[in-house]
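Contents: one structure, followed by commentary.
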Amino acid sequence: MNNAVFSSRNMTEQEFFFGHKACAGCGGALAVRLALKVLGERTFAALPAGCMSAVGFIYPQMAFGINAIISTFAGTASMLAGMAAAARAQGLEDVHIVGFAGDGGTADIGIQALSGAIDRGERIIYICYDNEAYMNTGTQKSGLTPLGARTTTTPDGSVVGGSTTKKKNMFDIVAAHGIDYAATASIGYYQDYMNKVLRASQCGGTAYIHVMAPCPTGWGIPTEHALTIARESVDCGLWYLAEYSQGKYRLNQRPETFTPVEDYLRKQGRFKHLQSDDIAQAVRDRDARWQYMLTQWSDA
Amino acid sequence: MSVTSLKAKLMQGNQACAEGAIYAGASFYAGYPITPSTEIAEILSERLPQVGGRFIQMEDEIASMAAVIGASVTGAKAMTATSGPGFSLKQENIGHAMITEVPCVIANVMRLGPSTGGPTSPAQGDVMQARWGTHGDHPVITLCPNSVQECFELTVKAFNMAERFRTPVFIMFDEIIGHMRERVVLPEPGQIPVVNRKKPEVGPESYKAYEPVDETLVPPMASFGDGYRYHVTGLTHDETGFATTKPEKMAAHLQRLHDKINNFLPEVVDYEEQSIEDAEVVLLAYGSVARAASRAVKDARAAGLKVGLIRPITLWPFPGEAVKKAAAKAKAVIVAEMNLGQIINEVRVAVEGQAPVYGVLRADGEPISPTEILAKIKEVL
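Chains as they are written, first to last, in our numbering: chain A, 18 to 317; chain B, 353 to 733.
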C-alpha cells in the first residue's frame, strides 16, 4: 500500500463542495467535501438520486467546484464507466472519475452497476457515504440499515420493532470481486478516510470506499454530535476501519477494548425503542464480526 | 359507488390508497421509496403486519414489481406503488404480469418527468406510458381518482378488476391527489363488494392453466401450493401454459388477452358527466384537473355558457363512445391535462372530426386553474 499521508496540516484550503444546502451536521456532505480536497479540481463526479445530489445543485449555486452529473438511481457506476472510457479516449490522463452514492443507491438499486464496473476493472473511485437509510426521501430502510433501527418503513410498531434485517456487508461484497482497492472509513476518523481516498486515486483500477457518515436528522442525534458519533461507531466496534488490496485485508484499528455498544445506541433516537435483548444481540453480532475478521483475515 | 357509513376521517390520498388496499384484502406489498408515493409504502409497512399481511421493502423498483408477481402467483392479493422513474423500471415485469395473467395492482403517483423531473410536482405525464409502457400488444386497465375518497374506492376497484380479469391494474393519480388531505368516509366491511380470483373447479389432472372455461375468457387461477402443477412463462404460450411458436396459437393467446377485457367494456369503462346534455363546449379532464374543470363548468354556466364535462375514471380503456356522443352536439371540445398533450390525441380519435379539439396543456409543475380553462372556453366559443 502507498504510504502517502494526508493531514489537516497539508490539506488544501481550496473547496470543491461548498455552499450546499445539506442539513447541519451532515456526515455525507463532509465525506464529499474531504474526498474532493484529496482528488482536486481535475475530477469528474457522478451522483445518483440522494442527499448529495439534492443539496449540491440548487440554482444558482453549483456547489460542486468540478464537473458533476446527477445520474439515474441505478446507473451511477455505469455512468462513471462511460466517463472514464471517454476521458481515456480523449487522452485525458490526469483526471479522477468519482461517484458519491448513498447506502441505498449503492447497496440496493445500484449494486448491479457497481458489480459490473468492478468486474471490468473500470478506473473509477466509488464512494458510498453510508447514513444507514434513504434519508433524502425521509428515512426509509435500506440494505445498510442496522438491525432494530427505526425508519419510516421499519416502524417500531405494535407488530414489528424497527429493521428486521442486519446491515449488508458491502466491504466483503466488493472485496469478493477481487477489486483493486477497497476500504471502510468513518468521517469521525477523517484523516484515515482522506488517506484512503488518496490510495484509491492511485490504485490504477477500481476503488471502493465505504464511509460511515451519520445523519443527525435521520439518526435522531444533535447536529454537533455527528463527528463524535461517527468516531464512536468505530470505537464501540459496530463499524471498523479496514482495507483490501491485492487479495489482502488489513485492519487499520484494532481497539484493545470496545466502548459500550449500549452507549452508542442509546444516544440515537432511531434505537430508542430497543430492549436489552436487542442490544445484547447487537453486541453478539459485533463480536462475531470481529472474530471473523481477526481469524479469517490472517494478514489483518 | 354510494357509501353511507359514518366512519369519516381526514386522510391523504396516499393513505386512502393504502387503506383501500387493506379493505380490498391486500396481503402483500413490495416497494421501493419514491416521492410522491412513499407514504403508501410507509403506511402499509405498519398496516399490513397488523392484518396478517406482509410488507417487503425491496432493493429497487424492478425487484418490487417482480416480488408482486411472485406473491400473486402464490395466492396473495399483491400491490406496489411508485412514481415516474420507478414506473419506467417496472415496465418489463408489468409486461410479464400481463402475458402470464397475474392479478396485481400498481399505484403510480404521477410527478413531473421525464427522468427525475419534478419529484414533488404534480403531473399527468405517464398516461401514455400506462397504455404502452411495456412492449408488445396488451390490454390495459387504468383507474384515475380525482379525490381522496376515490383513492380509497378506486384502489378497492383496482384489486377487484385485477382479480376479475387476471391482469395488472394501474391506479394513477397526480401528486396533488396523492398528497391532498380531505374528508373520507370509510365503508364498513362488506359495503363495497370484494372480488377474488376464480379458482379451478377441476382436479389437477385435467387443469390447463391458460384455458378459459367460460365466456369471460379468464382462465381459473390455481395458486402455487393449491396442489396444481403448471407452467408459467413470459414466452407466448398456449392453453397449457407451455411456450409455443405456432402462429395460430400465438395469435389466439394475444387475442384472448385483448378479448377478455374488450368484450366486457361496459363492465370496465367508467366516467362521470356533468352538464353534458346540452353542452356546446365539452370539457374533458381527469384527476385533480377535473376538479378545476368542474369549477369552470359551474362558472361558465353561471355566465350563461353551455359547457359540460366528461371525466374519465378509467383512462384505459378510454371512454371514447361517451366523448364521441357528446362531441356530436358540440361546437368545441377542450381537453385539460397536466402534460403537453397525451389523452388529447385519444380524444381526437374519439371525436372523429365532429368538432375542433383544443388543449389546455401544462407541464410546469403547477396545477391547471378553473380560470385558465374558462379563458379557453371563452376563446373558442
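The C-beta atom is built at its ideal place from N, Cα and C for all residues, glycine as well. All of these numbers come straight from a predicted model, not from anything done at the bench.
Check	Outcome
Presumed contact (8 Å Cβ cut-off) between residue 286 of chain A and residue 148 of chain A, rounded CB distance	Actually they are not in contact, since the Cβ atoms of residue 286 of chain A and residue 148 of chain A sit about 14 Å apart, beyond 8 Å.
Beta-carbon gap between residue 57 of chain A and residue 98 of chain A smaller than 9 Å	no
Residue 703 of chain B to residue 695 of chain B span [Cα, whole Å]	12 Å
Nearest-angstrom Cα separation, counted from residue 464 of chain B out to residue 475 of chain B	5 Å
Whether residue 507 of chain B touches residue 688 of chain B by CB criterion (9 Å)	no
Nearest neighbour of residue 294 of chain A, chosen from A:159, A:164, A:196 and A:127 [CA to CA]	A:164
Alpha-carbon spacing of residue 301 of chain A relative to residue 171 of chain A, whole angstroms	22 Å
Cutoff 9 Å: residue 439 of chain B Cβ touching any chain A Cβ	no
Closest residue to residue 70 of chain A among A:37, A:238, A:168 and A:243 (Cα-Cα distance)	A:37
is_contact[residue 397 of chain B, chain A] using C-beta, thresh 9 Å	yes
Contacting positions in the stretch 117-129 of chain A - beta carbon closer than 9 Å to chain B	121, 124, 125, 126, 127, 128 and 129
Proximity below 9 Å, CB of residue 445 of chain B to CB of residue 414 of chain B	yes
Under 9 Å between C-beta atoms of residue 94 of chain A and residue 120 of chain A	no
Cβ contact check for the stretch 714-725 of chain B and the stretch 635-649 of chain B: 3 or more pairs under 8 Å	yes
Residue interval of the beta strand (DSSP E) (run including residue 57 of chain A)	That residue, residue 57 of chain A, is in no beta strand (DSSP E); it is neither H nor E in DSSP.
Buried versus exposed call for residue 313 of chain A [16 or more other C-beta atoms within 10 Å across all chains shown]	exposed
Test: residue 144 of chain A CB closer than 9 Å to a CB of chain B	no
Amino acids of chain B, ordered along the chain, whose beta-carbon sits closer than 7 Å to that of residue 313 of chain A	The contacting residues do not exist; residue 313 of chain A stays about 26 Å from chain B at best.
Alpha helix (DSSP H) segment containing residue 233 of chain A, residue limits	233-236
Three-way DSSP call (helix, strand, coil) for residue 19 of chain A in this model	Caution applies to residue 19 of chain A, whose pLDDT of 46 falls short of 50 and renders its modelled position unreliable; the model cannot decide the point.
Interface flag, residue 410 of chain B vs chain A, CB-CB below 9 Å	yes
Enclosing beta strand (DSSP E) for residue 636 of chain B [first to last residue]	633-636
N-terminal and C-terminal residue of the alpha helix (DSSP H) that residue 402 of chain B is part of	390-402
Alpha helix (DSSP H) segment containing residue 420 of chain B, residue limits	413-425
With 16 other Cβ atoms within 10 Å as the buried cut-off, status of residue 395 of chain B	buried
Neighbour flag for residue 390 of chain B against chain A, beta carbons, 9 Å	yes
Separation of residue 502 of chain B from residue 545 of chain B, as counted between CA atoms	15 Å
heavy atom of the ligand ADP below 8 Å from residue 615 of chain B C-beta	This structure simply doesn't include the ligand ADP, nor any ligand for that matter.
Buried or exposed by the 16-neighbour rule on C-beta atoms within 10 Å, applied to residue 579 of chain B	exposed
Beta-carbon contacts of residue 357 of chain B that lie in its chain and below 7 Å, excluding the five residues immediately before and after	A caution first: residue 357 of chain B carries a pLDDT of 49, below 50, which makes its placement in the model unreliable, though a value can still be read off. Only 537, 538, 539, 540 and 543 meet the Cβ criterion.
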